[in-house]
Amino acid sequence: MSKVLTILGSINADHVISVPHFARPGETLTGSQYHIAYGGKGANQAVAAARLTDFSLGNKVNFIGCIGSDEIGRAMKKAFEQDGLDVSAVNEIAGETTGVAMIQVAESGENSIVISAGANGALTAEVVAQHEDKIRQADYLLMQLETPLDAILAAAKLAQSQGTKVVLNPAPARPLSDELLGLLDIITPNETETEILTGIQVKDEQSAVLAAQVFHQKGIETVLITLGSKGVYISQQQSGKIEGQIISGFRVNAVDTTAAGDTFNGAFLTALLEERSLFDAIRFAHAAAAISVTCKGAQPSIPSRLETDNFLA
Ligand code: ATP
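Per my numbering, residue -2 is the first one in the sequence shown, and the count goes up by one each step.
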């Protein structure tokens, strides 16, 4: 039977400029290699899920998000549709600008990012209520933390009441209420987010076990702590028993890890929709994320289903 994934989250236009060093107060700096890329964690994860979905199986990917009333927002919405997303719940907000990230990339390789949430700030609980059907019909709901928390909580409550599994990628990191954590079925933090949410610094398998326990105590059944090039630590609590292990990623020549986590999350959910085992879903997500780190940029680096299947063949 065909399955539905709904992703709720942010949409940003990333303005990327290469600079010799970050601009100092009062300094006017000449940069080079300016480009605009489509980004935002919600959009990246939705695009990853769409590119990696085998639509011939009848599965569907909905995206709930907000753009401003501007050309860049409309162009992004069109691009999402071309990737195969259902964009009927991507709202155009009158009088708002589409979310923007101004990214300086220094010669050292470090990033400095300033975000203007713009229309993303209008993704409120009322918008969630307008698109209730997209959550009711979903098997899985995937969210991140770049849009208002009241809407994330409202969506999680609705999903749980309908038997839709709730997955949260808690990025960018911020403290969360026990109420929200208690509504989650799966959480997918990286090491930094894990430390902020549990107080435990993940340095090795031992500390990952302890951090996962904190999430389980909040009522979350499945915990995936992503460990960058080292892979993930997966921990599951079933009938009072906790089992965990590290599942290594693929070794590739990484040139830019932007959106590795987003690609991982989108791919992981795509595979769950196909009813693959957790282990297989993680392997598929590792493959897609590994390919993404071999190319520059956020959405441009997200691979297709064919590329990912070929990588795994
Ligand atoms: P980002 O913020 O850079 O998008 P993240 O911090 O959310 O990423 P990570 O834990 O860095 O997430 O990585 C997520 C997944 O991406 C990893 O579990 C792995 O599958 C893949 N990955 C990340 N870095 C590498 C790498 N250098 N080589 C291979 N795979 C990688």
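No residue lacks a Cβ here, since even glycine has one placed at the ideal position from N, Cα and C.
Keep in mind it's a predicted model, so treat the numbers as computed, not measured.
Span separating the alpha-carbon of residue i from that of residue j
i: Pro17; j: Ala156; result: 47 angstroms
i: Asn9; j: Ser204; result: 34 angstroms
i: Asn117; j: His128; result: 16 angstroms
i: Ile4; j: Asn56; result: 14 angstroms
i: Glu240; j: Ser232; result: 6 angstroms
i: Thr144; j: Leu120; result: 6 angstroms
i: Glu107; j: Ile100; result: 10 angstroms
i: Gln210; j: Gly28; result: 46 angstroms
i: Ala98; j: His12; result: 6 angstroms
i: Thr191; j: Asp67; result: 36 angstroms
i: Glu270; j: Pro22; result: The question names Glu, but residue 270 in the sequence shown is Leu. Roughly 49 angstroms separates the two Cα atoms.
i: Val87; j: Ile64; result: 7 angstroms
i: Cys292; j: Asn41; result: 15 angstroms
i: Ala151; j: Phe276; result: 30 angstroms
i: Leu266; j: Ser105; result: 34 angstroms
i: Ile69; j: Asp80; result: 17 angstroms
i: Ser109; j: Ala103; result: 8 angstroms
Collapsed DSSP secondary structure at residue i in the structure displayed
i: Ser113; result: strand
i: Gln198; result: coil
i: Ile243; result: strand
i: Gln127; result: helix
i: Ser66; result: coil
i: Ser85; result: strand
i: Leu177; result: helix
i: Asn250; result: coil
i: Ser232; result: strand
i: Asn166; result: coil
i: Ser158; result: helix
i: Ile149; result: helix
i: Phe19; result: coil
i: Gly36; result: strand
i: Met73; result: helix
i: Asp306; result: helix
i: Gly225; result: helix
i: Asp259; result: helix
i: Gly96; result: strand
i: Asp277; result: helix
i: Ile288; result: helix
Minimum C-alpha distance to residue i - residue among the options
i: Leu180; options: Tyr230, Glu192, Thr50, Gln214; result: Gln214
i: Tyr35; options: Ala76, Thr291, Pro172; result: Ala76
i: Pro169; options: Arg248, Leu150, Ala287, Ile112; result: Ile112
i: Arg248; options: Gln210, Phe308, Thr260, Asp259; result: Phe308
i: Ile61; options: Met99, Val44, Ile69, Leu54; result: Val44
i: Met(-2); options: Glu272, Thr260, Thr305, Tyr31; result: Glu272
i: Thr305; options: Lys293, Gly294, Ser289; result: Ser289
i: Thr161; options: Gln134, Glu176, Ala208; result: Gln134
i: Lys131; options: Ser85, Gly81, Lys154, Leu142; result: Ser85
i: Leu173; options: Leu142, Val206, Ile69, Ala287; result: Leu142
i: Leu194; options: Glu202, Asp201, Ile217; result: Ile217
Local Cβ density within 10 Å of residue i, reported as buried at 16 or more and exposed below that
i: Thr95; result: buried
i: Gly115; result: buried
i: Ser7; result: buried
i: Pro167; result: buried
i: Gln234; result: buried
i: Asn262; result: buried
i: Ile90; result: buried
i: Tyr137; result: buried
i: Gln242; result: exposed
i: Asn59; result: buried
i: Gly39; result: buried
i: Gln30; result: exposed
i: Ala126; result: exposed
i: Leu165; result: buried
i: Ala251; result: exposed
heavy atom of ligand 2 below 7 angstroms from residue i C-beta
i: Asn307; result: Although ligand 2 was asked about, the structure shown includes only ligand 1 as ligands.
Beta carbon proximity, residue i to chain D, threshold 8 angstroms
i: Val125; result: Looking for chain D here will not work: only one protein chain is present.
| field | the region 241 to 260 / the region 285 to 301 touching (three or more Cβ pairs under 8 angstroms) | value | yes
| said: Would you call the region 269 to 282 in contact with the region 47 to 62, where contact means no fewer than 3 C-beta pairs closer than 8 angstroms? | reply: yes
| request: Could you tell me whether the region 223 to 231 touches the region 185 to 200, using the rule of 3 or more Cβ pairs below 8 angstroms? | output: yes
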